[in-house]
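Report on one structure; see the data block that follows.
There are 2 protein chains.
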Amino acid sequence: MEYKKQVQRLIQEFKTDFLPSVSVDLVIFGFHDGQLKVLLLRWKNTEDWCLPGGRIRHEESLDDAAYRSLHGRTGLTEIFLQQFHTFGDTRRYVHFSQEQTMLRLGLAEEDLQEFSNRDVSVGYYALVEFANVVPTPDFFTDECRWWDINQVPPLLFDHNDMITLALKTLRRQLTYQPIGYNLLPEKFTMPDLQQLYETILGQSLDRRNFQKRMLGYDILERLEERKTGGAHKAPYLYRFDKEKYEKALADEILFVG
Amino acid sequence: MEYKKQVQRLIQEFKTDFLPSVSVDLVIFGFHDGQLKVLLLRWKNTEDWCLPGGRIRHEESLDDAAYRSLHGRTGLTEIFLQQFHTFGDTRRYVHFSQEQTMLRLGLAEEDLQEFSNRDVSVGYYALVEFANVVPTPDFFTDECRWWDINQVPPLLFDHNDMITLALKTLRRQLTYQPIGYNLLPEKFTMPDLQQLYETILGQSLDRRNFQKRMLGYDILERLEERKTGGAHKAPYLYRFDKEKYEKALADEILFVG
DNA sequence: AGGAGATGTGTAAATTTTACACAATGATAC
DNA sequence: GTATCATTGTGTAAAATTTACACATCTCCT
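So this is what it looks like as structure tokens:
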């Protein structure tokens, strides 16, 4: 059976070309329709969802492995990607059944060792521009799609915990770094940006104070252009001044408290 | 040679009982004489220093492995220990020579594989009460002692980077969590606490405003007792109200900006 | 007994954050 | 074509927070 050979070759490759015991998992955030989304994968022949992830090649740095997976699932390069925690609880495979995996992949039990040993997994979160992503399943999965952050189903492994912690870290990031550069389209309106902040923080903000504050950080450039097509007064379009944005990122100025 | 057998048994144990490719490193902070200190180890028969660290048993969680190492080097239990970053650069062994290690340990080259492969290492930092620590070398080291944070020598691997990032994370922690519970003796004076904050932040703070702020957090209990023996006016002693302290830790109230 | 040096304490100024309202615009409905 | 509705653009005053700052007290040392 062609498929089975492929699986076995892949597992063999895991053993020879990749670091054992360590993996990388990704919480990829997107923003669409005023909702925060995460990209999830569905295992072949099942209804089990999980986070995208990957393994680390022997000659590859941890960050590069994360970028490689991210690129594979989204088609994107050059996006914000940040490590937020490493998960190494012995019980992190509690939502994972070896027998089910066997069925899933049509494997013999001995092939499964690779999957049922506890790995330590390094969690990264990424901020990506929703519209630019081409969700792409990997070898072990049938489907890759966005889920609303508030409607994520129970996931395999400890992946629900990962999303929770990634979101917490993202919220904290918001307090000392600007956000939006890789999450919004190039041109966006002030209400767009505010909605992003409100969605991440889970609270509403004063419109005027928000604008004052954002402009005060001196990372935005207002364009002549306005956004048309809305049913109301046309708002101005803005874009990030990349240099100043990068500087604010590095300087870690105190942002929204 | 008895010693060599011991080494080989240990290396064998690494292969059978511990996760390959992953390790844990510890930045253990102490506070003494108004200086922030880190605990370092010196490799046997060398002048090379590095951070304490360890490996993870197959049936052991990542956090437990870190606690185990911490206990081994300090004799302490129940201390503040927090993961801050995972290091997985392919070049993180650049300050490490395989030949030198051979000399150090008196090993054959084939035994060394365990040391010269790149591991991914999870960095933890700990805050401990200086006076309670009994610095204890491990099998590979001759000496374990405190170093002033400003006088750390060039270390093996990427351990200097680890200290830098641990300190950065500690400074950030200071902005949303109280600190001092496991770093100061049970009873301490307000100037002690202030000195701790100033040392970590690397800047001096106003005495009156500091006190006002600290008392405002409502995590301190002022004792009747005063500290005697100083050459000056006897300052009050304080201690942390553990419950309120824990609550402040969990709530992540905004602290010093 | 006096002096040196550190501690204990409160208030006013400056800054930052928050609250808040009305005119202008553009699509849609009539 | 005109009125309507929902949304955008904009500034100021009050409140809260943060900062700056000085003098009396205590303890050991000389």
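Chains A and B, in that order, give the protein sequences. Take the first sequence: its position 245, counting from 1, is numbered 235 in this note's numbering, and each next residue is one higher. Take the second sequence: its position 202, counting from 1, is numbered 192 in this note's numbering, and each next residue is one higher. Ideal Cβ positions, reconstructed from N, Cα and C, are used throughout, including at glycine.
A contact is defined here as three or more CB-CB pairs under 8 Å, and the segment 136 to 154 of chain A fails this definition with respect to the segment 46 to 57 of chain A.
Around histidine 75 of chain B, the beta-carbon contacts reaching into chain A at under 9 Å are Gln73, Thr76. Judged by DSSP in its simplified three-state form, phenylalanine 230 of chain B adopts strand.
The way I'd put it, the segment 7 to 15 of chain B doesn't touch the segment 234 to 243 of chain A; fewer than three beta-carbon pairs between them come closer than 8 Å. Burial check for valine 84 of chain A: the Cβ neighbour count within 10 Å stays below 16, so the residue is exposed.
Here the C-alpha atom of isoleucine 209 of chain A lies approximately 49 Å from the C-alpha atom of arginine 94 of chain A.
Per the C-alpha coordinates, the member of B:Gln2, B:Thr67, B:Gln73, B:Tyr57 positioned closest to glutamine 163 of chain B is B:Gln73. At the C-beta level, leucine 9 of chain B and arginine 58 of chain B stay beyond 8 Å of one another.
Ranked by Cα distance from threonine 91 of chain B, the first of B:Phe130, B:Arg161, B:His61 is B:Phe130. Secondary structure note for leucine 146 of chain B: it is in no beta strand (DSSP E), with a DSSP letter that is neither H nor E. In the three-state scheme derived from DSSP, where H, G and I count as helix and E and B as strand, serine 87 of chain A is classed as coil. Sequence-ordered contacts of the segment 76 to 92 of chain B with chain A read Thr76, Phe77, Gly78, Asp79, Thr80, Arg81, Arg82 [C-beta pairs closer than 9 Å]. For glycine 43 of chain B, DSSP records a beta bridge to B:Asp15.
When DSSP states are grouped into helix, strand and coil, glycine 206 of chain B belongs to the helix group. At a cut-off of 8 Å between beta-carbon atoms, proline 168 of chain B makes no contact with chain A.
Beyond the five residues adjoining it in sequence on each side, proline 127 of chain B comes within less than 7 Å, by CB distance, of Leu31, Glu133, Cys134 in the same chain, given in chain order. Per DSSP, the beta-bridge partners of phenylalanine 21 of chain B are B:Leu26. Glutamate 242 of chain B and tyrosine 228 of chain B do not touch by the CB rule: their CB atoms are close to 22 Å apart, not below 8 Å.
Valine 110 of chain B carries a strand assignment under DSSP once its states are collapsed to helix, strand and coil. Per DSSP, reduced to three states, the secondary structure at alanine 224 of chain A is coil, with no helix or strand assignment.
Annotated three-state conformation of glutamate -8 of chain A is helix, per DSSP.
The segment 61 to 72 of chain B and the segment 112 to 121 of chain B touch, with three or more beta-carbon pairs separated by less than 8 Å. Its chain contains Leu66 as the residues whose beta carbon lies nearer than 7 Å to that of asparagine 122 of chain A, once the 5 sequence neighbours on both sides are disregarded; these appear in chain order. Close partners of isoleucine 46 of chain B in chain A (Cβ separation under 9 Å): Ser11, Gly78, Val110. Arginine 58 of chain A: member of the alpha helix (DSSP H) spanning 52 to 64, first to last residue.
None of the residues of the segment 13 to 45 of chain B has a beta carbon lying less than 8 Å from any beta carbon of chain A. Cβ contact annotation for asparagine 172 of chain A (same chain, cutoff 7 Å, sequence separation greater than five): Ile69, Phe70, Leu117, Val118, Glu119, in chain order. Residue pairing by DSSP puts phenylalanine 77 of chain B in a beta bridge opposite B:Ser111. DSSP places proline 181 of chain B within a helical segment (H, G or I) once states are collapsed to three. By the C-beta density criterion, proline 143 of chain B is exposed, having fewer than 16 other C-beta atoms within 10 angstroms. Proline 225 of chain A and proline 175 of chain A have their alpha carbons spaced roughly 15 Å apart. According to the DSSP assignment, arginine 135 of chain A belongs to the beta strand (DSSP E) that extends over 131 to 138.
Residue burial is scored here from C-beta neighbours: valine 124 of chain A has fewer than 16 other C-beta atoms within 10 angstroms and is therefore classed as exposed. At the C-beta level, lysine 217 of chain A and threonine 159 of chain A stay beyond 8 Å of one another.
When 8 Å is used as the limit between beta carbons, leucine 52 of chain A is near these residues of chain B: Thr76, Phe77, Gly78, Asp79, Val110, in chain order. Judged by DSSP in its simplified three-state form, glutamate 211 of chain B adopts strand.
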